[in-house]
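In my numbering, the protein residues as written are 1360 to 1570.
Below is one structure, written out as structure tokens, with a few remarks after it.
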């Protein structure tokens, strides 16, 4: 890893087109290791990573996502919005073109505070409001580690939540059992595009200092 930390953060891009070159297994394992160095609630490390290079398995996952989106488009609530929903597929299936796709799974985390709140009668939504969903925060930190590590190693990746519409089926395809559930796919490979930086809001719009 030759990039300094600032260049690594500023230079990262979401990559959706990849060269076909395979990624060595040692690099795949190193990416996973670096992802797991993220902080997590009570150090529970509630993540699981499954790296998929098998094209037949990736095709099964894509078929499951496509079917899930089509089912959604058939819902009564989707009337008049079918084309927009079906358009989701364009942004949910490109993971099949990557030499490796990481499926990221999460085990729900329940702290002592969560248990007390639940026993007091609070709903999961109310608990998350008061606790900030630390399990999802932990997974987010691990995925960001994965993306930054990929960029530093000369690869590119993309954080995908669209395929989670087929979470149950992807769990089954990859043999991952409850309580773990799919929260994201992260395809990774050598970039075959060089997208420009996306515009960012001015710092003063999203930050203020209380002194």
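In this text, a Cβ means the ideal position worked out from N, Cα and C, and glycines have one as well.
Within a 10 Å sphere around the beta-carbon of residue 1377 sit 16 or more other beta-carbons, which makes this residue buried.
Residue 1485 holds the alpha-carbon nearest to the alpha-carbon of residue 1473 among 1485, 1462, 1465, 1463. Using a 10 angstroms sphere on the CB of residue 1516, the tally of other CB atoms reaches 16 or more, which defines it as buried. If you keep only unbroken alpha helix (DSSP H) runs of at least 4 residues inside the stretch 1508–1559, you get 1526–1533.
Listed in chain order, the non-local C-beta contacts of residue 1457 below 7 Å within the same chain comprise 1377, 1546, 1547, 1548, local neighbours out to five positions each way being set aside. Residue 1399 sits in coil when the DSSP states are folded into three classes, being neither helix nor strand. Residue 1366: member of the alpha helix (DSSP H) spanning 1364–1370, first to last residue. Residue state for residue 1470 is assigned as coil, using DSSP reduced to three classes. With the rule of 3 Cβ pairs closer than 8 Å, the stretch 1440–1456 counts as touching the stretch 1414–1426. With contacts defined by Cβ atoms closer than 7 Å, residue 1525 and residue 1427 form a contacting pair. Between residue 1467 and residue 1538 a beta carbon distance of about 6 Å is seen, short of the 8 Å cut, so the two are scored as contacting. The distance from the Cβ of residue 1541 to that of residue 1523 is about 6 Å, consistent with a contact at the 8 Å cut-off. The C-beta distance from residue 1459 to residue 1410 rounds to 5 Å, short enough to fall under 8 Å.
By the criterion of at least three beta-carbon pairs nearer than 8 Å, the stretch 1398–1418 is in contact with the stretch 1493–1503. According to the DSSP assignment, residue 1394 belongs to the alpha helix (DSSP H) that extends over 1384–1394. By the 16-neighbour rule on beta-carbons within 10 angstroms, residue 1489 is exposed.
If you check the CB distance, residue 1521 and residue 1475 do not come in under 7 Å.
Linking residue 1367 to residue 1478 through their CA atoms gives a straight-line distance of about 44 Å. Contact check for residue 1371 and residue 1507: beta-carbon distance about 6 Å, within the 8 Å limit, so the pair qualifies. Shortest Cα-Cα distance from residue 1364 to any of 1373, 1550, 1511 involves 1511. Taken through DSSP and simplified to helix, strand or coil, residue 1407 comes out as strand.
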